[in-house]
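Note sheet for the following structure.
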Amino acid sequence: MPANQGERARRRLSTAERREQLLSVGAKLFSESPYDDVWIEQVAEIAGVSRGLLYHYFPTKRDFFAAVVERESERMLRMTAAVPGVPVREQLTAGLDTYLGYVQAHAHGFRAFHRADAAGDQAVRRVYQRALAAQERQILAALAADPEFGPVFEGAPQVRLAVRGWLAFTTAVCLEWLRDGELTREQVRDLCARALLGVIA
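Each residue of the sequence shown is one higher than the last, beginning at 37 in my numbering.
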């Protein structure tokens, strides 16, 4: 078999595999560069596909970005998922370490996600709202199952609001941290941990 035919055979992917490949390329590019500096042509070239094929999967660049963000949000939820039977206080530090490490490694994507939401883009806003709701549910479920905090939550509707406020606080802290870098990751982690424990105490 000629070399070029072998290359084409190696690149023949299923629909799901091709979509995952494109999203992986997008995640890397958006983590390294601001949204406006990432071009669809660049994504297609790295993935070894035509621009038309990429648009077949994602009609616009914003749709592509929204899909990348959704994929990364789901990945982050898996990375920070609660471990059954382990106290929340013990998990909080490790979970925040994972989250902050991700934010630091994907600074451009993190900023672009929140800038796009603030600008009112509907596709990204829907992804953003789903991601926040999933994070909120994950935190509330872990707290409700915790022997220390679970009993306090019974009949306490303000807890959901407190967790939602804490997520907004953590986002603001992370954006400021990326902007000025005055605090170490450990200091940001401890600040966010104390804030959550404070609002649920």
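Backbone N, C-alpha and C define an ideal beta-carbon position, used for all residues, glycine too.
- For F189, the enclosing alpha helix (DSSP H) begins and ends at 186 to 189.
- CA-CA distance, L65 to V74, rounds to 7 Å.
- A check of alpha carbon separations from P70 across R173, H142, R111, L176 identifies H142 as the nearest.
- With contacts defined by Cβ atoms closer than 9 Å, F101 and A148 form a contacting pair.
- Under the Cβ criterion (8 Å, minimum of three pairs), the segment 46 to 58 counts as touching the segment 75 to 85.
- With contacts defined as CB atoms closer than 9 Å, L214 and F146 qualify as a contacting pair.
- The beta carbon of I76 is closer than 8 Å to those of R87, L90, Y91, K97, F100 in its chain, skipping five residues each way along the sequence.
- Counting along the chain, the unbroken alpha helix (DSSP H) around E108 starts and ends at 97 to 115.
- Shown here, V79 sits in a helix according to DSSP, grouped into three states.
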